[in-house]
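In the working numbering, the protein residues as written are 67 to 276. Glycine included, each C-beta is placed from N, C-alpha and C at the ideal position. Quick caveat, the model's predicted, so the values are computed rather than measured.
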């Protein structure tokens with residue numbers, strides 16, 4: 067689930083401290099790192115927004131993914147639609163990811179795949195009370211509908227609903243989403259030490275083609 071990296075429309079909280087263009091560059095670096103860690107045998111679908119910028123996403127991330135527009139609605143509705151679309155296309159399991167957690171590694175993704183062989187639901191908890199990954203072998207709509215998104219109650223509510231569905235759940239390592247300057251500083255120090263040394267030409271964000 068990705069946004070096209072257009073300055074001013076991505077990582078807006080981070081942009082309050084870094085500026086719109088630098089926040090856009092940070093977003094691109096994080097997404098590219100996540101993509102580099104996804105196992106090679108995993109098919110990828112990018113559900114992008116805005117819907118008229120899918121060509122821009124494709125030119126950025128290359129030919130490996132299938133690109134689809136995100137549907138209308140809140141995050142839960144969009145994740146339901148993305149999951150149902152993937153299963154309709156023949157997927158045996160779906161792993162939902164965003165572009166905000168650069169701490170995810172190949173081993174982290176492989177752990178989710180291994181856990182899904184025996185359990186119904188795999189979740190990667192986020193430090194802020196949400197999650198960085200959710201994987202399942204079927205769509206459980208109640209895990210997404212009327213959820214208090216962007217609050218610390220997302221993970222507890224998801225786990226509560228999973229118990230009501232009698233789902234076996236595996237929890238992966240707790241990781242940190244990058245949403246503000248302090249979380250970005252931690253990620254930059256550990257993962258992107260070259261960020262400030264890039265030539266200025268590499269700091270130019272992708273701009274809208276509309």
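Bounding residues of the beta strand (DSSP E) (the contiguous stretch that carries residue 189): As a position in the chain shown, residue 189 is number 123, starting the count at 1. First-last of the beta strand (DSSP E) with residue 189: 187–191.
With DSSP as the reference, label residue 75 as helix, strand or coil. Residue numbering aside, residue 75 sits at position 9 when the chain shown is read from its first letter. Judged by DSSP in its simplified three-state form, residue 75 adopts coil rather than helix or strand.
Whole angstroms are fine: how far does the CA of residue 241 sit from the CA of residue 111? Translated into the one-based positions of the chain shown, residue 111 becomes position 45. Translated into the one-based positions of the chain shown, residue 241 becomes position 175. Straight-line Cα distance between these residues: approximately 23 Å.
Any 3 or more C-beta pairs closer than 8 Å across the segment 125–137 and the segment 194–214: The segment 125–137 makes no contact with the segment 194–214; the number of CB pairs closer than 8 Å stays below 3.
What are the start and end residues of the alpha helix (DSSP H) that includes residue 125? Here residue 125 refers to the residue found at position 59 of the chain shown. Counting along the chain, the unbroken alpha helix (DSSP H) around residue 125 starts and ends at 120–127.
Opening and closing residue of the beta strand (DSSP E) in which residue 151 lies: Start at 1 with the first residue of the chain shown, and residue 151 comes out as number 85. Going by DSSP, residue 151 is part of no beta strand (DSSP E) but of the alpha helix (DSSP H) stretching over 141–154.
Could you give the distance in angstroms between the alpha-carbon of residue 91 and the alpha-carbon of residue 147? The residue labelled residue 91 in the question sits at position 25 within the chain shown. The residue labelled residue 147 in the question sits at position 81 within the chain shown. Cα-Cα distance, rounded: 28 Å.
Of the choices 189, 158 and 196, whose alpha-carbon is the least far from that of residue 238? Your numbering for residue 238 matches position 172 in the chain shown. Just measuring C-alpha positions, the residue of 189, 158 and 196 sitting nearest residue 238 is 189.
What do you get for residue 106, buried or exposed, if any count of 16 or more other CB atoms within 10 angstroms of its CB means buried? For this step, residue 106 is matched to residue 40 along the chain shown. Exposed is the call here.
Start-to-end residues for the alpha helix (DSSP H) that takes in residue 223: What you label residue 223 is simply residue 157 of the chain shown in a count that begins at 1. 220–230 is the extent of the alpha helix (DSSP H) around residue 223.
Mind checking whether residue 191 and residue 231 have CB atoms under 9 Å apart? Stepping through the chain shown from its first residue, residue 191 is reached at position 125. Stepping through the chain shown from its first residue, residue 231 is reached at position 165. It is not a contact, given that the beta carbons lie outside the stated cut-off.
Closest by CA to residue 178, which one among 218, 198, 194 and 193? Here residue 178 corresponds to residue number 112 of the chain shown, with the count starting at 1. Measuring C-alpha to C-alpha distances from residue 178 to each of 218, 198, 194 and 193 identifies 198 as the nearest.
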